[in-house]
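*Asks:* Below is the structure I would like to discuss, written out as structure tokens.
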Amino acid sequence: MSPSVTTAKTPAGGPPGRSALDKVMSGIERAGNKLPHPVLLFLGLFLIIGTVSTVFAATGTTVTVPGEDETLAVKGLFTGEGVRWLLENFIPNFTGFPSLGTVLLMMAAVGVAEKTGLLETAVRASIARAPRRLLPYLVAFVACQAHLMSDVAILVIPPLAALAFKNAGRNPIAGLIGGFACTCAGYAAGFSIGALDALYTGITHQAAAVVPGGESAPTHILINYFYTAAASCVLALIGGFLISRVLEPRLPQPDPAAESEAEAAEESGAEPGASAGAATARPSVTVTARQRTGLLRSGLAVLLYAAVVVTCWLLPGSPLRGEGGALVPSPVLDGIVPLLFVAFVLAGVVYGRTVGTLTRAEDAPRMMAESITGMSGYIVLILVISQVIGVFDWSNVGTLLAVNGANLLESAGLTGFTGLVLFVLLVCVLNLFVTSGSALWSLVAPVFVPAFLLLGMEPAVTQAAFRIGDSATQMITPLNPYVFLMLTILRRYEPSAQLGTVLSRLSVFVVPFLIAWLAVLGLFYGLGLPLGPGADIHR
């Protein structure tokens, strides 16, 4: 989506001056615009790795993994052996990529819950009658669970939060900006499990296999669950405080005339000052009795389903238990994706049947198909990414980089939590230019997951650190198209707002959220707590 952005009128007294923030962000935007499409970026990386591997193979480069007796020779892609390998493995690299099937399955399931209206109604029901004083904290908490809805959350939560603030007699601008900031900065947190988790863990699994023994490390979809659930609570408290005590007192009051103009324009189907078709629909926080009944029935259906699964899992001698009757690891964790698939489809079908958004048996498959259709760009990206990671693994270039990277970190004394913090800061910077989480994780995971493995840290902690960097700076990069959507909606209340206006207010959240994310990770790291079921920090 590329919303139209109107240009604010030049104030009386001369042309508007550009602040330092405007200049910095403009520079970032220009630099980011020079980056190629992610597919072309990874195609270039594929050619670079192929060339490097061929040069290293010609020079007889070898690598020895610490703790292993075998010395690995680097193999060249642009050799007879390499060409044969690529022809034989091109399709298996793609179809066997772990996150491909998982993400498509989760998107199909979430699509049913989304298109029947279940997810949006759940958000509206959670903030519709919140007490005035608790509203910022509730908005922040709901936003920090929002990745369940994928990018739809960014389209739904901020406008709803603005309207909820207005209905409660608070500044709607605070709800809009705060809702957007918490959705972005807490995007990788939450108690919920969605396609994002599937996407991350699939790439993590492939990256871990670069070094011997890495393929046996825990990389299931719940490896960060304990951490992200705890982080979402802390982020909600901090987000609510920032919205209420830092952001809202510093905001101008909305322009009543501008709001009236916006409402009139919405009724006619156009955004004020924008071309027809650029309108953003004004949401409602009202939840009808029928929708509440649908929420109740879908919730009861999922609870009953979960109770059956948990009971079967806990029964002695159950086939859902692991080797020796273990609960962790077990087929329940290994098969959590199909179990979640059933839960989401069940909830969506029950809700849709109740409210009338799903009337025929073929409606659910159609909704799944529509959701998967929207993933076509991701599928094309994975086609290239899978070849890049495949060459990293087969050629042993990934192992070479990981061993040398680990040695560099160790020689510089940047092991342990210090090394993780530096990795987070690196991702924060890269995230300003590569806004696709899957593309960025695919870029850094094949090097840093094995490197930290060689330093004695499980892939779960590297993935957790990546979540921090991927979330913290997402809201302030002009390469994020939703920033311009927020500007469009903001001008409904504040016609003179410009890009720098939005970014300056969003910047209030960046450092506190970054510190909070790191503090929770530091607590888990210091106490040696598992980041998820069966997913420890140290090997």
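Numbering (numbering that gives the first Met the number 0), first residue to last: 0 to 538. We put the beta carbon where it would ideally sit given N, CA and C, even for glycine.
1) What first and last residue would you give for the alpha helix (DSSP H) that runs through T50?
2) By a C-beta neighbour count over all protein chains shown, 10 Å radius and 16 as the cutoff for buried, is P449 buried or exposed?
3) On a CA-only basis, which of N430, W440, A459 and A464 is nearest T542? Give me that one, please.
4) Could you please give the first and the last residue of the uninterrupted beta strand (DSSP E) stretch that includes L71?
5) Could you pull out every residue in the same chain whose Cβ sits closer than 7 Å to the Cβ of L522, ignoring the five residues on either side in sequence?
6) With a threshold of 16 other CB atoms inside 10 Å of the CB of C311, please say whether the residue is buried or exposed.
7) From L326 to L313, what distance separates their C-alpha atoms?
8) Check whether the stretch 297–312 touches the stretch 327–345, counting contact only when three or more Cβ pairs, one atom from each stretch, lie closer than 8 Å.
9) Is there contact here, the stretch 170–184 with the stretch 239–254, by at least three beta-carbon pairs under 8 Å?
10) Between the alpha carbons of V420 and W84, how many angstroms are there, rounded?
11) Can V519 and Y226 be called in contact, C-beta distance under 8 Å?
12) Going by Cα to Cα distance, which pick from G79, G323 and K114 is closest to G373?
13) Out of G212, I488 and F89, point me to the one whose CA is closest to L455's CA.
14) Report the option in S470, S394, A444 and L517 whose CA atom is closest to the CA atom of T61.
15) Could you tell me whether the Cβ of K74 comes closer than 8 Å to any Cβ of chain B?
16) Please classify G193 as buried or exposed, where buried requires at least 16 neighbouring CB atoms within 10 angstroms.
17) Smallest Cα separation from I488: which of I172, L295, G75 and F422?
18) What is the DSSP secondary structure of G541, counted as helix, strand or coil?
19) Can you tell which of G185, Q144 and N223 has the C-alpha that lies nearest to the C-alpha of I536?
20) Contact between the stretch 161–168 and the stretch 124–142: three or more CB pairs below 8 Å?
21) For A405, which residues of its own chain have a beta-carbon under 6 Å away from its beta-carbon, when the five flanking residues on both sides are left out?
22) Look at the alpha carbon of L559 and the alpha carbon of T287, and state the distance between them as a whole number of angstroms.
23) Closest to A121 by C-alpha separation, out of Y350, L236 and T461, would be which residue?
24) In its own chain, which residues sit with a C-beta less than 8 Å from the C-beta of A207, not counting the 5 before and 5 after it?
25) What do you reckon, are the CB atoms on G185 and S470 nearer than 8 Å?
26) Of all the options L526, A515 and V482, which has the alpha carbon lying nearest to the alpha carbon of C232?
27) Tell whether a beta-carbon distance below 8 Å holds between I467 and L517.
28) Taking the alpha-carbon positions, what's the A72 to L502 distance?
29) Give the single residue among V51, L198 and A229 whose Cα lies nearest to the Cα of L530.
30) Determine the direct distance from the alpha carbon of L345 to that of L338, and round the result to whole angstroms.
31) Compute the Euclidean distance between the alpha carbons of A56 and L357, then round it to the nearest angstrom.
32) Quick one: what does DSSP say H204 is sitting in, helix, strand or coil?
33) Going residue by residue through the stretch 375–431, where are the continuous alpha helix (DSSP H) segments of at least 4 residues, counting only ones entirely within it?
34) Ordered along the chain, which non-local residues of its own chain (more than five positions away) have a Cβ less than 6 Å from that of G525?
35) Assuming E493 contacts P157 under a Cβ cut-off of 8 Å, what Cβ separation, rounded to an integer in Å, is found between them?
36) Using C-beta distances below 6 Å, list every residue in its chain close to F41, excluding the 5 sequence neighbours before and after it, in chain order.
*Replies:* So, to answer that:
1) Counting along the chain, the alpha helix (DSSP H) containing T50 begins and ends at P37 to A57.
2) P449 should be labelled buried.
3) Since the first residue shown for the chain is 0 and the last is 538, residue 542 is missing from the structure and cannot be characterised.
4) Its beta strand (DSSP E) spans residues T70 to A72.
5) Taken in chain order, the list of residues that qualify is empty.
6) C311 sits exposed, since fewer than 16 C-beta atoms from the chains shown fall within 10 Å of its C-beta.
7) Our two residues, L326 and L313, have alpha carbons roughly 8 Å apart in a direct line.
8) Contact between the stretch 297–312 and the stretch 327–345 is present, because at least three Cβ pairs lie under 8 Å.
9) In this structure the stretch 170–184 touches the stretch 239–254; the number of beta carbon pairs closer than 8 Å is three or more.
10) C-alpha separation (whole angstroms): 38 Å.
11) A contact, by the Cβ cut-off of 8 Å.
12) Nearest option by C-alpha distance: K114.
13) Reading off the sequence shown, one finds Gly at residue 455, where the question assumed Leu. Distance from the Cα of G455 is smallest, within the candidate group G212, I488 and F89, for G212.
14) It is S394 whose Cα lies nearest to the Cα of T61.
15) Annotation note: the requested chain B is absent from the structure, which comprises a single protein chain.
16) Burial state of G193 is buried, judged by a 10 Å Cβ sphere holding 16 or more other Cβ atoms.
17) Of the candidates I172, L295, G75 and F422, the one whose C-alpha sits nearest the C-alpha of I488 is I172.
18) Look at the range of the chain in this structure, 0 to 538, and you will see that residue 541 is not part of it.
19) Ranking G185, Q144 and N223 by Cα distance to I536 puts N223 first.
20) As far as the Cβ criterion goes, the stretch 161–168 touches the stretch 124–142, which means the pair count is three or higher.
21) Contacts found: A450, L453 and L454.
22) The structure shown does not extend to residue 559, since the chain is modelled only from 0 through 538, so no value can be given for it.
23) Residue Y350 is the option with its Cα nearest to A121.
24) Contacts found: G213, E214, A216, T218, V448, P449, L452 and P458.
25) Here G185 is near S470, since their CB atoms are less than 8 Å apart.
26) C232 has its Cα closest to that of A515, out of L526, A515 and V482.
27) The answer is yes: Cβ separation under 8 Å.
28) So the alpha carbons of these two residues sit roughly 49 Å apart.
29) Minimum Cα-Cα distance from L530 among the listed residues V51, L198 and A229 corresponds to A229.
30) Their backbone Cα atoms lie some 11 Å apart in a straight line.
31) Looking at the two C-alpha atoms, the distance is approximately 59 Å.
32) DSSP, reduced to helix, strand and coil, places H204 within a helical segment of the structure shown.
33) Correct list: 375–394, 396–410 and 415–429.
34) So the list is empty, once near-sequence residues are dropped.
35) Between E493 and P157, the beta carbon gap of about 14 Å keeps them out of contact (Cβ cut-off 8 Å).
36) Counting only Cβ-Cβ distances below 6 Å, and skipping sequence neighbours, we find V383, I384 and V387.
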